[in-house]
Amino acid sequence: MEQLLNLIDGELRPAVSGAWLDVHAPATGTVYAQLPDSDESDVEAAVEAAHRAFPAWRALGREGRSAILLRLAELIEQDLDGFVMDESRDNGKPLSLARRVDIPRAVANFRFFATAILHFPSEAHLMDDVAVNYTDRQPFGVAGCISPWNLPLYLFTWKIAPALASGNCVVAKPSEVTPLTAYRMSTLCKVAGIPPGVLNIVHGLGPKVGAAITAHPRIPAISFTGGTRTGAEIARVAAPMFKKLSLELGGKNPVLVFADCDFEEMLRTTVRSSFTNQGQICLCGSRILVERSLLPHFRDAFLQRVEALRVGDPTDPASDLGAVVSKDHMEKVLAYIDLAKSEGGTIRCGGERIHLTGDLKDGWYIAPTVIEGLGPNCRTNQEEIFGPVVTIQPFDTEEEALTLANATPYGLASVVWTKDLQRAHRVARAIHSGIVWVNCWMVRDLRTPFGGVKQSGVGREGGVEALRFFTEAKNVCIKL
Ligand code: TXE
Numbered sequence: 104m105e106q107l108l109n110l111i112d113g114e115l116r117p118a119v120s121g122a123w124l125d126v127h128a129p130a131t132g133t134v135y136a137q138l139p140d141s142d143e144s145d146v147e148a149a150v151e152a153a154h155r156a157f158p159a160w161r162a163l164g165r166e167g168r169s170a171i172l173l174r175l176a177e178l179i180e181q182d183l184d185g186f187v188m189d190e191s192r193d194n195g196k197p198l199s200l201a202r203r204v205d206i207p208r209a210v211a212n213f214r215f216f217a218t219a220i221l222h223f224p225s226e227a228h229l230m231d232d233v234a235v236n237y238t239d240r241q242p243f244g245v246a247g248c249i250s251p252w253n254l255p256l257y258l259f260t261w262k263i264a265p266a267l268a269s270g271n272c273v274v275a276k277p278s279e280v281t282p283l284t285a286y287r288m289s290t291l292c293k294v295a296g297i298p299p300g301v302l303n304i305v306h307g308l309g310p311k312v313g314a315a316i317t318a319h320p321r322i323p324a325i326s327f328t329g330g331t332r333t334g335a336e337i338a339r340v341a342a343p344m345f346k347k348l349s350l351e352l353g354g355k356n357p358v359l360v361f362a363d364c365d366f367e368e369m370l371r372t373t374v375r376s377s378f379t380n381q382g383q384i385c386l387c388g389s390r391i392l393v394e395r396s397l398l399p400h401f402r403d404a405f406l407q408r409v410e411a412l413r414v415g416d417p418t419d420p421a422s423d424l425g426a427v428v429s430k431d432h433m434e435k436v437l438a439y440i441d442l443a444k445s446e447g448g449t450i451r452c453g454g455e456r457i458h459l460t461g462d463l464k465d466g467w468y469i470a471p472t473v474i475e476g477l478g479p480n481c482r483t484n485q486e487e488i489f490g491p492v493v494t495i496q497p498f499d500t501e502e503e504a505l506t507l508a509n510a511t512p513y514g515l516a517s518v519v520w521t522k523d524l525q526r527a528h529r530v531a532r533a534i535h536s537g538i539v540w541v542n543c544w545m546v547r548d549l550r551t552p553f554g555g556v557k558q559s560g561v562g563r564e565g566g567v568e569a570l571r572f573f574t575e576a577k578n579v580c581i582k583l
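Residues in the sequence shown are numbered consecutively from 104, following our numbering.
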């Protein structure tokens, strides 16, 4: 059985403890690899190596670092098929999705930040004849990056790339549920020319490795994406240490469908925004709010499309949905479906586990599920389910649509469907979320600020926001 290794100080090695954890393939429910069950001694070795490597990495300058990161992007791209297979096997997502989205985006993350750093400006503030101030943005040393299982390499590289480009060294922890592509990438780092200690990847459990990174006194900044509860725990530990924190957490995103929308485009996109990656994207729209006059037409057409979705073998190009990521997660999602029933919801389609046949008979598949008849305050409409489950609620006025949209503790993303330009502006301004898509979904420009409000997180990633997070601003004031 394949054993994945940590990358510490440029070497691939097992955990100091010698212990291993199992890695499962969601499509079959079977164990197919093991990852190091690391602990704080592995994190300590990684932090030591990162600090040793920092002065030279910083001194290499933007262009030197950029060239190395571009080389790594190139190497990942050359091995696209291998990465795509690994991502799909590890996560359960359709191979076609990993090929179209996950791996190209990981490559794009490196290319984007490797070049963004070349154009990252410093501000100057002139005080007439008195003085000139300039902002010197310096890397702080070692960044901690902790990422989740839903978009494994995509989100891992979204943190690592700006951290490295800015001149920091990194101690990173991929999700223990999906460690495979981070490991595959670690085997390319030497060839890419990343010096030993610059990027360290420590595999293992959140409460051990993640907690050790969070609490380490020599890691002054933590960039985290994952569940809101974990984010709160990280903040509890890191805030009194005055660490910089970027927390990208959960969502319960509304999709506002007004009767004047382009119906066909809305329908097509709403199927995607509901069920892409089995609904396991923090940006998925999970609460569909529909103007009452459109509801019967919307319901019929939407259910027809959802029922036609194929849940199946992730390697089959005809599969629209693959498996959800783990047995625990499947049980959590199914428990939410039961909860929705007990809260009085009507299951319009799906609502159960799907048992495939042959090798896939023990895989973790859930039918895309649409629920109606629930009000805004029930748990089903308040808590993040993070699976192929959406609810539909009607509204009569724009004001009511906004009240429903804002009626959760989350505020990550929202989607608005209308042809009325003025309404689009009004609604976009009034919605409490960090991201608003109007007449589209998941259209991503990597220069834009990315993140949420309320319990969806703190801070913004993307573009200059990320480069600012991974540097400390120093004002230098010189008398004229
Ligand atoms: O996330 P966790 P899980 C949501 C989604 C999901 C729930 C839990 O609702 O059902 O979160 O998923 C590491 N200190 N999202 O359990 O635990 C962990 O090892 C430091 C939303 O997988 O938050 C992993 O690397 N780190 C989401 C990472 O944190 C810790 C994506 C995320 O795991 C830690 C995924 C600790 N104490 C889940 N405990 C999104 N918004 O994109 C765990 N970790």
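Backbone N, C-alpha and C fix where the C-beta goes; we use that ideal spot for every residue, glycine too.
- No residue range can be given for Arg395, since it is assigned to no beta strand (DSSP E) and is classified by DSSP as neither H nor E.
- Placement of the Cβ of Ser278 at a distance of less than 7 Å from at least one heavy atom of ligand 1 is found.
- Only residues of its own chain outside the window of five on either side were considered, and among them Pro265 have a CB closer than 6 Å to the CB of Ala569, listed in chain order.
- A straight line joining the alpha-carbon of Thr131 with that of Asp465 spans about 5 Å.
- Ranked by Cα distance from Ile325, the first of Ala576, Val579, Phe572, Lys577 is Phe572.
- When secondary structure is reduced to three states using DSSP, Leu110 falls in the strand class.
- Counting along the chain, no beta strand (DSSP E) covers Cys292; the unbroken alpha helix (DSSP H) around it starts and ends at 292 to 295.
- Taking 7 Å as the cut-off, the C-beta of Thr472 does not count as close to any heavy atom of ligand 1.
- Closer than 7 Å to some heavy atom of ligand 1: that describes the Cβ of Phe489.
- In the same chain as Thr551, and ignoring 5 residues on each side of it, the C-beta atoms closer than 7 Å to its own belong to Gly565, Gly566, in chain order.
- Secondary structure of Asn271 (DSSP, three-state): coil.
- Pro497 is bridged by DSSP to Val393.
- Put simply, the stretch 500 to 510 does not touch the stretch 444 to 459. Fewer than three CB pairs are less than 8 Å apart.
- Per the C-alpha coordinates, the member of Lys522, Val519, Gln106 positioned closest to Arg287 is Gln106.
- In the displayed model, Leu549 falls within coil according to three-state DSSP, outside both helix and strand.
- Runs of the alpha helix (DSSP H) lying entirely within the stretch 345 to 411, each at least 4 residues long, are 366 to 378, 398 to 410 in chain order.
- In this structure, Leu505 has its beta carbon at no less than 7 Å from each heavy atom of ligand 1.
- Inter-residue distance for Pro343 and Leu267 is about 26 Å (C-alpha atoms, whole angstroms).
- From the listed residues Pro491, Val393, Arg408, the smallest Cα separation to Lys435 is found for Pro491.
- The residue among Pro479, Ala318, Gly353 with its C-alpha nearest the C-alpha of Phe345 is Ala318.
- Under the DSSP assignment, Asp239 falls in the beta strand (DSSP E) whose first and last residues are 234 to 241.
- The three-state reading of DSSP puts Met230 in strand, counting E and B together.
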